[in-house]
Structure formats: structure tokens, C-alpha cells
Amino acid sequence: MGSLRITLRAGGGRRAERRLPSGTGRLLAGVAWLVLLLGLWLWGGPPPNGAPAGPAGPATGDMAAAGRPSPAPSATGPRRLDIPALGVRVPVTARDLDEHGALAPPPPGTVAWYADGATPGAPGTALMAGRIGDAGARPAVGQEIRVVGADGEAAGFTVREVRVVARDRFDVRQAHAPRDDGRAELRLITCGGTAACGDRVIVTAYPAGG
0 MGSLRITLRA
10 GGGRRAERRL
20 PSGTGRLLAG
30 VAWLVLLLGL
40 WLWGGPPPNG
50 APAGPAGPAT
60 GDMAAAGRPS
70 PAPSATGPRR
80 LDIPALGVRV
90 PVTARDLDEH
100 GALAPPPPGT
110 VAWYADGATP
120 GAPGTALMAG
130 RIGDAGARPA
140 VGQEIRVVGA
150 DGEAAGFTVR
160 EVRVVARDRF
170 DVRQAHAPRD
180 DGRAELRLIT
190 CGGTAACGDR
200 VIVTAYPAGG
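Just so you know, we're using numbering that gives the first Met the number 0 here: the sequence shown kicks off at 0 and counts up by one.
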């Protein structure tokens with residue numbers, strides 16, 4: 000049974016306190032500890048001993064920098080880029096932006112398309128990048144570019160502007176910025192120079208007949 004303890008209080012009063020047996024106190028303490036552990040587990044936090052609850056993600060939250068794989072091909076995304084005047088027919092692969100905000104380089108022999116941007120022919124700027132043809136090959140104003148989709152349909156564009164920018168002066172944000180908001184636009188970024196990919200060639204094209 001529990002014991003009774005008399006405690007003197009200020010002002011001459013007395014207070015009776017009942018003490019629980021030592022075994023009962025230990026039992027209640029154990030139950031409280033189990034409830035605490037259950038609460039932490041349900042919340043998803045680490046247990047009290049400091050062991051991690053699961054694998055930690057990238058410290059910066061930058062998935063591209065952490066090696067995120069390329070997006071799966073879109074059902075309506077581009078599959079091939081054709082530039083008839085240059086004899087170019089290259090496959091297109093969906094890519095994300097890298098940690099610098101530039102379109103991640105595609106595998107050799109392909110052109111990258113920014114999968115989170117516009118689809119070629121839809122309103123907005125469809126961004127593509129990669130080396131095309133021989134070293135130094137570039138489209139000219141007035142030439143045609145065709146982007147073939149997964150359904151086999153081709154969206155035709157006419158080149159309206161070609162700009163060459165030195166590699167050390169290349170501004171990613173400016174290169175990606177749309178020229179005409181709300182209008183379908185194709186932006187192709189490729190290389191100039193000879194064997195090495197030196198200067199950047201920024202090609203802007205709009206739907207043929209538009």
C-alpha cells in the first residue's frame with residue numbers, strides 16, 4: 000500500500016501527500032517513455048538516441064546538382080531536329096537545367112530539349128541545345144528548322160535571328176529569355192568555332208508562315 004507523508008506549509012498549515020509504491024512509479028514512468036517513443040515515431044522524427052530516421056537528401060535541395068536522371072520522354076515531346084539546309088537530322092533527348100541554370104549537356108550526337116519548358120510549336124519558348132553537324136555549322140536567317148514529335152508530326156520554323164556570343168560573355172538568362180511573350184518560339188543554342196566548342200550560337204526561330 001502507499002504511504003502517507005505530512006508536509007508543513009507556510010502559514011502553519013499542513014498538506015497530506017500520498018506516495019505511490021516504488022514499483023508503481025517505475026511502471027508509470029515506463030508507460031510515459033513508451034508513449035513518447037510512439038509519438039516521435041509517428042511524427043517521423045529521429046528516436047531519442049539520435050539515430051537517423053532515414054537517408055538524408057541533398058543539403059542544398061538542388062536535385063540537378065545531386066545527379067537527378069533525365070526526365071522520361073514526353074508523350075508529346077520532340078523526338079528529332081531537322082535542318083535540311085545543313086543536312087542535319089539528330090535525335091532529341093529531354094533534359095533538365097544544371098546547377099548553373101543552363102540546359103544540361105545531352106549525350107553525344109543528340110540535341111537537348113528543356114522538358115519543363117514549352118513544347119516546340121506551343122506558345123512559349125521551346126529551348127533546345129547541342130552541337131549540330133560539323134564543327135562551325137550553324138543555321139542562317141531564312142532557313143527552315145523542323146522538329147518532329149513523338150506522333151511523327153513535324154513543327155516547321157523559320158530562322159529569324161542568329162547571334163554569336165563569345166563563350167566568356169555568354170549569359171544563360173539572356174539566352175533563354177523569350178523575344179515575344181506568348182508567341183511560339185524555338186531557341187536553339189549550339190556551338191561555333193572549329194574542333195572545340197567555343198563561341199555560342201543562339202538561333203531564334205518562329206513558326207513557318209507566322
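Glycine included, C-beta positions come from ideal geometry on N, C-alpha and C. The structure presented is a predicted model; accordingly, all values stated were derived computationally and were not measured.
A check of alpha carbon separations from G132 across G108, D95, V91 and L96 identifies G108 as the nearest. Ranked by how close their Cα comes to the Cα of V200, the residues P206, G208, A207 and I188 have I188 in first place. Contact check for Y205 and R159: beta-carbon distance about 6 Å, within the 8 Å limit, so the pair qualifies. Under the three-state reduction of DSSP, D167 is assigned to helix. Checking the DSSP bridge columns, you'll see E143 partnered with T157. Only exposed fits D115, as fewer than 16 other CB atoms lie within 10 angstroms of its CB. Shortest Cα-Cα distance from D170 to any of V91, G100 and L85 involves G100. Between T118 and P177, the beta carbon gap of about 15 Å keeps them out of contact (Cβ cut-off 8 Å). CA-CA distance, E184 to P104, rounds to 21 Å.
8 Å or more divides the Cβ of A128 from the Cβ of A149. G86 is classed as exposed because its beta carbon has fewer than 16 other beta carbons within 10 Å across all chains shown.
Sixteen is the threshold: when 16 or more other Cβ atoms of the shown chains lie within 10 Å of the Cβ of P77, as they do, the residue is buried.
In the structure shown, A117 adopts coil according to DSSP, grouped into three states. Rounded to the nearest angstrom, the Cβ distance from R145 to A139 is 15 Å, too far for a contact under 8 Å. In the three-state reduction of the DSSP assignment, A84 falls in the helix class, which pools H, G and I.
Distance from the CA atom of P90 to the CA atom of P122, rounded to whole angstroms, is 22 Å. DSSP, read as helix, strand or coil, puts R172 in helix. Counting along the chain, the unbroken beta strand (DSSP E) around R199 starts and ends at R199 to P206. Per DSSP, the unbroken beta strand (DSSP E) holding G123 starts and ends at G123 to A128. Here the alpha carbons of R166 and A207 stand approximately 30 Å from one another.
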